[in-house]
Amino acid sequence: MKRATKLLATAAAVALGTISAANAQTLDKVKKQGVLSCGVNVGLAGFSAPDDKGNWTGLDVDYCRAIAAAVLGDATKVRFVPTTAKERFTALQSGEIDVLNRNTTWTMGRDTSLGLSFAGTNYYDGQGLMVKKSLGVKSATELSGATVCVQTGTTTELNLADYFRQNKLEYKPVVFEKADETITAYQAGRCDAYTTDASGLYAQRLQMQQPDEHIVLPEIISKEPLGPSVRQGDSQWFTIVRWVHFALLNAEEAGITKANVDQMANSTNPDIRRILGKEGEFGKAIGLGNDWAYQIVKQVGNYGEIFDKNVGAGSRINIARGQNNLWSKGGLQYAPPIR
Amino acid sequence: MTATTNRQAPGPLVTPPAKPNLLYRPEFRQAVYQVLLVVCLIFAFWTIANNVADNLARQNIASGFGFWNRTSGFDISQSLIEYSNQSTYGRAFWAGLLNTLLVAALGIVFATIIGFLVGIGRLSTNWLISRICGAYVEILRNLPLLLQLFFWYFAVLKNLPGPRQSISLPGGLSLNVRGLYLPAPIAGPGFDYVLAALGLGIVLSIAVAIWARARQRATGERFPVLWTTLALVLLLPGAVYIALGQPLSFQYPVLRGFNFQGGVAVQPELIALVVGLSTYTASFIAEIVRAGIAGVPRGQREAANALGLSSGLTMRLVILPQALRIIIPPLTSQYLNLTKNSSLAVAIGYPDFVSVFTGTVLNQTGQAVEVILLTMLVFLTISLITSAFMNWFNKHIALVER
Numbered sequence: 001m002k003r004a005t006k007l008l009a010t011a012a013a014v015a016l017g018t019i020s021a022a023n024a025q026t027l028d029k030v031k032k033q034g035v036l037s038c039g040v041n042v043g044l045a046g047f048s049a050p051d052d053k054g055n056w057t058g059l060d061v062d063y064c065r066a067i068a069a070a071v072l073g074d075a076t077k078v079r080f081v082p083t084t085a086k087e088r089f090t091a092l093q094s095g096e097i098d099v100l101n102r103n104t105t106w107t108m109g110r111d112t113s114l115g116l117s118f119a120g121t122n123y124y125d126g127q128g129l130m131v132k133k134s135l136g137v138k139s140a141t142e143l144s145g146a147t148v149c150v151q152t153g154t155t156t157e158l159n160l161a162d163y164f165r166q167n168k169l170e171y172k173p174v175v176f177e178k179a180d181e182t183i184t185a186y187q188a189g190r191c192d193a194y195t196t197d198a199s200g201l202y203a204q205r206l207q208m209q210q211p212d213e214h215i216v217l218p219e220i221i222s223k224e225p226l227g228p229s230v231r232q233g234d235s236q237w238f239t240i241v242r243w244v245h246f247a248l249l250n251a252e253e254a255g256i257t258k259a260n261v262d263q264m265a266n267s268t269n270p271d272i273r274r275i276l277g278k279e280g281e282f283g284k285a286i287g288l289g290n291d292w293a294y295q296i297v298k299q300v301g302n303y304g305e306i307f308d309k310n311v312g313a314g315s316r317i318n319i320a321r322g323q324n325n326l327w328s329k330g331g332l333q334y335a336p337p338i339r
Numbered sequence: 001m002t003a004t005t006n007r008q009a010p011g012p013l014v015t016p017p018a019k020p021n022l023l024y025r026p027e028f029r030q031a032v033y034q035v036l037l038v039v040c041l042i043f044a045f046w047t048i049a050n051n052v053a054d055n056l057a058r059q060n061i062a063s064g065f066g067f068w069n070r071t072s073g074f075d076i077s078q079s080l081i082e083y084s085n086q087s088t089y090g091r092a093f094w095a096g097l098l099n100t101l102l103v104a105a106l107g108i109v110f111a112t113i114i115g116f117l118v119g120i121g122r123l124s125t126n127w128l129i130s131r132i133c134g135a136y137v138e139i140l141r142n143l144p145l146l147l148q149l150f151f152w153y154f155a156v157l158k159n160l161p162g163p164r165q166s167i168s169l170p171g172g173l174s175l176n177v178r179g180l181y182l183p184a185p186i187a188g189p190g191f192d193y194v195l196a197a198l199g200l201g202i203v204l205s206i207a208v209a210i211w212a213r214a215r216q217r218a219t220g221e222r223f224p225v226l227w228t229t230l231a232l233v234l235l236l237p238g239a240v241y242i243a244l245g246q247p248l249s250f251q252y253p254v255l256r257g258f259n260f261q262g263g264v265a266v267q268p269e270l271i272a273l274v275v276g277l278s279t280y281t282a283s284f285i286a287e288i289v290r291a292g293i294a295g296v297p298r299g300q301r302e303a304a305n306a307l308g309l310s311s312g313l314t315m316r317l318v319i320l321p322q323a324l325r326i327i328i329p330p331l332t333s334q335y336l337n338l339t340k341n342s343s344l345a346v347a348i349g350y351p352d353f354v355s356v357f358t359g360t361v362l363n364q365t366g367q368a369v370e371v372i373l374l375t376m377l378v379f380l381t382i383s384l385i386t387s388a389f390m391n392w393f394n395k396h397i398a399l400v401e402r
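Sequences listed follow chains A and B, in order.
Note that this note's numbering has the first sequence beginning at 1, numbered continuously upward.
Note that this note's numbering has the second sequence beginning at 1, numbered continuously upward.
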């Protein structure tokens, strides 16, 4: 009933009108409190999970840090709020968190009826299915009659129903609230298949008892653009979160890294000078210091570095850049210029 | 309070108390206070509702119950009514609600049976039985329920073999990690007559019971009601069944593809939840039963012994009826607890009301306020109905025994 209590508290908050307070200038609130409340996943390796020392790590976590670096000048001033798939939107709506960075799929329904705005796509993903090798299944189309473990409150749950109906396949879903419980049930053989975003499948396979006994089927059954979201009605805050994302991409494109950012600050390249706040007043225009992007790269790194460190070649998960490469390298990540 | 009005009309026999000013009449004042309170409450609720609507609109969050008739787009693994991903959210609501009621009903029945057995067992003069029952109560009521559910689901049921290595049980049953598979009965032509015979048997045995009771009251002669009932309920339909050439066949579950097909499948989530809830609640019921029996004065038992009643009859005719009056009110609370605790289902993947409606529907529609309101309303309704029934039952028992 803990979850219900939480939701109830939210309902009460909505009822008593604390919402309007929460909706007032998020930037002022964050600056005043000196800390950014960031909603993250309770545990998904590569995106947001505590490491063995209890520090939060992951792609989404670094996005929280980047926002804190830009807004507060200090990437460590983040309060991470772990949320389940079910709680995440209510947490944002009620003002408990300032931004939601929780591998959340950007859909039209969520963008319109939940009172949220998605600020961008920090990971282009798609839904996949995982099965045990011993099952002898090579393709998702052979899964008729299968039982599938899935997490509640996700687009995954809906895509699964769509995919099986479209392909005229029978299936039974077994729905859990938390990823851990879902995976445990799958590993115990309760389900023939486990489905979630492909990135999640690769990350979670590493944590299974025998990773080699499971294969990810080749079919990607949906589009899952994952990205940060904020409350509607605060366009300043929305713009900040969106441009933190673009700054990370632009920094990578311009070749600015955590290591060379100080030398780059002396560069003569006008693009780089604008990004790092040496020319123009772009930071001030969004209500931040002019060195906002400098702080992001200095303290957190650029998009490519974040990707490599958490989910890419520099991590155990080792996912190829693929669609998440910059547009100039054949991927989909494209940021408008800072000028 | 001296009367200043009505001075001119003194009463004929007894002087009526002079009618005071309306404002000073206690009934009037009470009524005014009540009305004021109601108005305040209505105003408070109206303000809250308005505020909610305003805030939701300002935040561009959809509101209202328009989602009720929209296509849900998700599936539910177990449903007592026809349901698919093409059904509406409204239908998902009912599917979830029925799943919760199923668990609550099964849980209440099993918890009551186990609870009474353990409670009586704990008072047994047999050292071993009373200690075993005592250990049962102390262990189960002192461990968190969620932990017990995890134990049953992940530690016990999840360790069963896969579908291809199922354990075959007698009677065509198969048990594996996906659940318990039972043969499904298929009624042949003429099976209706067997059911009719069963109905007739039940009606007749009730009639016999009433007659035997009346006769025992009048003459003191006892009648073997139990055996007659058994004969009427079992032998009568059995005879009809055989006479009609056994018009009932079974469809046995067979392993095809990934799973067993055909037959009736009972999900392991349901089994874990019912076992967990009923054994846990039974430990509390056992204590309530023990307290109820201990609350009956010793003299009653001694009087029954003096009359020569056997210990079984003493328990059934003397002790239990008196104990029930003590037992039933707290028992009602346990039934309500069990129903509410069934919402822990979400942790082990059983599609109960909270999991389906307050989980998936809430998240897919994003309408937290409406969904939570409906959820509270549903649990309130279930609880009120349960306690209304138990209160009626309590009154019934109390009347008969006094």
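All residues carry an ideal CB built from backbone N, CA and C; glycine is no exception.
Remember, predicted model here, so these are calculated numbers, not experimental data.
Query                                                                                                                                                                             : Result
Which whole-angstrom value describes the C-beta separation of Thr403 of chain B and Val208 of chain B, a residue pair presumed to lie in contact below a C-beta threshold of 8 Å? : This structure gives no information on residue 403 of chain B, because the portion of chain B shown stretches from 1 to 402.
So with Cβ pairs under 8 Å, would you call Ala388 of chain B a contact of chain A?                                                                                                : no
Show which residues of chain B have a CB atom less than 7 Å away from the CB atom of Lys172 of chain A.                                                                           : Ser77
Give me the DSSP bridge partner(s) of Cys149 of chain A.                                                                                                                          : A:Val174, A:Tyr194
For Thr100 of chain B, count the other beta carbons within 10 Å of its own beta carbon; 16 or more makes it buried, fewer makes it exposed. Which is it?                          : buried
Give, in chain order, every unbroken run of the alpha helix (DSSP H) that is at least 4 residues long and sits entirely within the stretch 228-303 of chain B.                    : 236-243, 268-294
Residue ranges of each beta strand (DSSP E) run of no fewer than 3 residues wholly in the stretch 221-278 of chain A, ordered along the chain?                                    : 224-226, 229-231
Use the C-beta contact count for Cys40 of chain B: other C-beta atoms within 10 angstroms, 16 or more gives buried, fewer gives exposed.                                          : exposed
Taking the alpha-carbon of Ile220 of chain A as reference, which of A:Arg88, A:Gly200, A:Cys191 has the nearest alpha-carbon?                                                     : A:Gly200
What residue range does the alpha helix (DSSP H) around Asn159 of chain A cover?                                                                                                  : 155-166
Mind checking whether Gly283 of chain A and Asp291 of chain A have CB atoms under 8 Å apart?                                                                                      : yes
I'd like the list of long-range same chain contacts for Gln30 of chain B, defined as Cβ closer than 7 Å, with 5 residues on each side in sequence excluded.                       : none
Quick check: Ala184 of chain B and Gly263 of chain B, are their CB atoms within less than 8 Å of each other?                                                                      : yes
What are the residues in the stretch 315-342 of chain B lying within 9 Å of chain A by C-beta distance?                                                                           : Lys340, Asn341
Please confirm whether Tyr334 of chain A and Pro228 of chain A have their CB atoms less than 8 Å apart.                                                                           : no
Would you mind sorting Ala146 of chain A into buried or exposed? The rule is 16 or more other CB atoms within 10 Å of its CB.                                                     : buried
Across which residues does DSSP place Gln333 of chain A in a beta bridge pair?                                                                                                    : A:Leu326
Is the beta carbon of Tyr335 of chain B less than 8 Å from the beta carbon of Leu145 of chain B?                                                                                  : no
Which of the residues in the stretch 197-215 of chain A, read from start to end, lie with their CB under 7 Å from any CB of chain B?                                              : none
Over the uninterrupted beta strand (DSSP E) stretch that includes Lys132 of chain A, give me the two end residues.                                                                : 127-132
Considering only their Cβ atoms, is the gap separating His214 of chain A from Lys133 of chain A smaller than 8 Å?                                                                 : yes
Quick one: complete alpha helix (DSSP H) runs, 4+ long, within the stretch 36-124 of chain B?                                                                                     : 89-122
In chain order, what residues of the same chain lie with their CB nearer than 8 Å to the CB of Leu36 of chain A, ignoring the 5 residues before and after it?                     : Val30, Cys64, Ile67, Ala68, Val71, Leu72, Lys77, Val78, Arg79, Asp98, Val99
Within 10 Å of its beta-carbon, does Ser328 of chain A have 16 or more other beta-carbons around it, so buried, or fewer, so exposed?                                             : exposed
Take Val52 of chain B and list the residues in its own chain whose beta-carbon comes closer than 7 Å to its own, dropping the five residues that flank it on each side.           : Val369
Between the alpha carbons of Leu226 of chain B and Leu244 of chain B, how many angstroms are there, rounded?                                                                      : 27 Å
For Thr90 of chain A and chain E, any beta-carbon pair shorter than 8 Å?                                                                                                          : Here the protein chains are A and B, and chain E is not one of them.
Three or more beta-carbon pairs under 8 Å between the stretch 278-294 of chain B and the stretch 117-128 of chain B, yes or no?                                                   : yes
Rounding to the nearest angstrom, what Cα-Cα distance links Gln251 of chain B and Ile348 of chain B in this structure?                                                            : 29 Å
Could you check whether Pro163 of chain B and Phe260 of chain B sit closer than 8 Å to each other, using their CB atoms as the reference points?                                  : yes
So, for Asn394 of chain B: in the same chain, excluding its five sequence neighbours on each side, which residues have a beta-carbon less than 7 Å away from its beta-carbon?     : Ile328, Pro329
Using only alpha-carbon positions, find the residue among A:Leu92, A:Thr105, A:Phe238, A:His245 that is nearest to Ser222 of chain A.                                             : A:Thr105
Examine the Cβ distances between the stretch 174-190 of chain A and the stretch 203-214 of chain A and report whether three or more of them are shorter than 8 Å.                 : yes
Once the 5 residues before and after Pro47 of chain A are set aside, which same chain residues still bring their CB inside 7 Å of it?                                             : Residue identity check: residue 47 of chain A is Phe in the sequence provided, not Pro. Excluding sequence neighbours, Phe47 of chain A sits near Asn41, Gly58, Leu59, Asp60, Asn103.
Within its chain, find whatever has a CB closer than 7 Å to the CB of Asn69 of chain B; leave out the 5 residues flanking it on each side and keep chain order.                   : Thr88, Gly90
Counting beta carbon pairs with one atom in the stretch 288-308 of chain A and one in the stretch 236-256 of chain A, are three or more of them shorter than 8 Å?                 : yes
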